[in-house]
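Down below is the structure, laid out as structure tokens.
Number of protein chains: 2
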Amino acid sequence: MEYAYDVYENRCPTRLVLDRLADKWALLILDRLQEEPVRFNQLKRDIKGISQKVLSQTLKKLERDGLLSRQVFATVPVTVEYSLTELGATLNESVSALAHWAEHNMDAVLAAQTEYDSREQ
Amino acid sequence: MEYAYDVYENRCPTRLVLDRLADKWALLILDRLQEEPVRFNQLKRDIKGISQKVLSQTLKKLERDGLLSRQVFATVPVTVEYSLTELGATLNESVSALAHWAEHNMDAVLAAQTEYDSREQ
DNA sequence: TAACATGGTTTCCTCTGGGTAACCGTGCCC
DNA sequence: GGGCACGGTTACCCAGAGGAAACCATGTTA
Numbered sequence: 405m406e407y408a409y410d411v412y413e414n415r416c417p418t419r420l421v422l423d424r425l426a427d428k429w430a431l432l433i434l435d436r437l438q439e440e441p442v443r444f445n446q447l448k449r450d451i452k453g454i455s456q457k458v459l460s461q462t463l464k465k466l467e468r469d470g471l472l473s474r475q476v477f478a479t480v481p482v483t484v485e486y487s488l489t490e491l492g493a494t495l496n497e498s499v500s501a502l503a504h505w506a507e508h509n510m511d512a513v514l515a516a517q518t519e520y521d522s523r524e525q
Numbered sequence: 405m406e407y408a409y410d411v412y413e414n415r416c417p418t419r420l421v422l423d424r425l426a427d428k429w430a431l432l433i434l435d436r437l438q439e440e441p442v443r444f445n446q447l448k449r450d451i452k453g454i455s456q457k458v459l460s461q462t463l464k465k466l467e468r469d470g471l472l473s474r475q476v477f478a479t480v481p482v483t484v485e486y487s488l489t490e491l492g493a494t495l496n497e498s499v500s501a502l503a504h505w506a507e508h509n510m511d512a513v514l515a516a517q518t519e520y521d522s523r524e525q
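Protein chains in written order, with my numbering: chain G, 405 to 525; chain L, 405 to 525.
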């Protein structure tokens, strides 16, 4: 089957989507939401090192792209829950694999780096 | 099984690897190399819009991490071929899925964006 | 002799991504 | 009244990513 879009093309709109997905913070957010809906400050605590501003921006963009949804509960203080949409869930396996690949292969990567650095001092 | 690394931790070395992988150009390069080894200028032609500098930098980093290897042939002019290592090939499925996801779901994304923008003018 | 191809490196410059930190509104408790 | 928690937004500022373009060596062809 042929698609109308080609991510290898410079001005293809899929490039914009790839740019959004190919982002450390976006991947970690999508990965974290796989298990369950998570609130803003919980995400901020779990994804260590992300700033409030970037978390907020990234969530907004992912929501706009239809990958996750935002639900507000009228508690006090207000509760906001983020969860994957069906569309977002189609990325689950790939996101997990990519996000956690380094955890499983860190030693091989470190060995490769050491070898590379020793080759060309 | 427990791993020594946790990508959710701020200073975990896996964060550096994730940062390398979570990059539009790196994903497109890794995707393109799945079929066959490819030469520098061929990559530059295929991945439309990438600059020579960024292609060169990204290839070097991916080689250093052990994801791809660089082979020089003493032709005239010199031929340089890039190919996936075994380590790099372990990412094949996830890289393809992520890189081409937008091609299969672009219409849903566009619809979500339109709906989002109409909600909060 | 000049142009072309490969596979880069280097310089320059711009622009924006992202960090820090302050601020906001609401409503609870003390 | 003051402080806190939640879920943000906004202003400010700076480093660094990345584009453009020039330069490099080699050797072949025209």
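Just so you know, even glycine gets a beta-carbon here, dropped at the ideal spot from N, CA and C.
Note that the structure is predicted; figures quoted are calculated from it, not measured.
Closer than 6 angstroms: residue i CB and nearest the ligand HEM heavy atom
| i | result |
| --- | --- |
| Phe477 (chain L) | Questions concerning the ligand HEM fall outside what the structure shown contains, since it holds no ligand whatsoever. |
C-beta neighbour in chain G for residue i, strict 7 angstroms
| i | result |
| --- | --- |
| Gln517 (chain L) | yes |
| Tyr486 (chain L) | no |
| Gly453 (chain L) | yes |
| Glu439 (chain L) | no |
| Leu459 (chain L) | no |
| Ala506 (chain L) | yes |
| Leu463 (chain L) | no |
| Thr418 (chain L) | yes |
Spatial distance of residue i from residue j (CA atoms)
| i | j | result |
| --- | --- | --- |
| Phe444 (chain L) | His504 (chain G) | 29 angstroms |
| Val476 (chain L) | Gly492 (chain G) | 42 angstroms |
| Leu495 (chain G) | Pro481 (chain L) | 43 angstroms |
| Arg436 (chain L) | Glu439 (chain G) | 32 angstroms |
| Asp450 (chain G) | Gln517 (chain L) | 28 angstroms |
| Thr483 (chain L) | Lys457 (chain L) | 18 angstroms |
| Ser460 (chain L) | Arg523 (chain G) | 18 angstroms |
| Ala512 (chain G) | Glu485 (chain G) | 38 angstroms |
| Glu497 (chain G) | Leu471 (chain L) | 20 angstroms |
| His508 (chain G) | His508 (chain L) | 29 angstroms |
Integer Cβ distance of residue i from residue j, believed to fall under 8 angstroms
| i | j | result |
| --- | --- | --- |
| Ala506 (chain L) | Val499 (chain G) | Actually they are not in contact, since the Cβ atoms of Ala506 (chain L) and Val499 (chain G) sit about 14 angstroms apart, beyond 8 angstroms. |
| Leu422 (chain G) | Lys452 (chain L) | With a Cβ gap of about 13 angstroms, Leu422 (chain G) and Lys452 (chain L) do not count as contacting. |
| Leu420 (chain L) | Ile433 (chain L) | Their Cβ separation, rounded to whole angstroms, is 18 angstroms, which puts Leu420 (chain L) and Ile433 (chain L) out of contact at 8 angstroms. |
| Thr462 (chain L) | Ser473 (chain L) | Contact flag wrong, Cβ pair sits at about 15 angstroms. |
| Leu514 (chain G) | Leu502 (chain L) | Between Leu502 (chain L) and Leu514 (chain G) the Cβ distance is about 24 angstroms, and since that is not below 8 angstroms, they are no contact. |
Proximity of residue i and residue j at Cβ, strictly below 7 angstroms
| i | j | result |
| --- | --- | --- |
| Ala478 (chain L) | Ala426 (chain G) | no |
| Pro417 (chain G) | Ser487 (chain G) | no |
| Met510 (chain L) | Tyr409 (chain G) | yes |
Cut-off 8 angstroms between Cβ atoms - residues of its own chain near residue i, not counting five sequence neighbours on either side
| i | result |
| --- | --- |
| Arg424 (chain G) | Ala430, Lys465, Leu466 and Asp469 |
| Glu413 (chain G) | Arg419 |
Neighbour flag for residue i against chain L, beta carbons, 7 angstroms
| i | result |
| --- | --- |
| Arg474 (chain G) | no |
| Val421 (chain G) | yes |
| Ala428 (chain G) | Residue 428 (chain G) is actually Lys in this sequence, not Ala. So, interface residue. |
| Glu524 (chain G) | no |
| Val513 (chain G) | yes |
| Glu490 (chain G) | no |
| Leu502 (chain G) | yes |
| Arg468 (chain G) | yes |
| Leu425 (chain G) | yes |
| Val480 (chain G) | no |
| Leu431 (chain G) | yes |
| Val411 (chain G) | yes |
| Asn445 (chain G) | no |
| Asn414 (chain G) | yes |
Same chain, Cβ closer than 7 angstroms to residue i, five either side skipped, listed in chain order
| i | result |
| --- | --- |
| Arg415 (chain G) | none |
Own chain partners of residue i with C-beta closer than 6 angstroms, once the 5 adjacent residues on each side are dropped
| i | result |
| --- | --- |
| Ile454 (chain G) | Trp429 |
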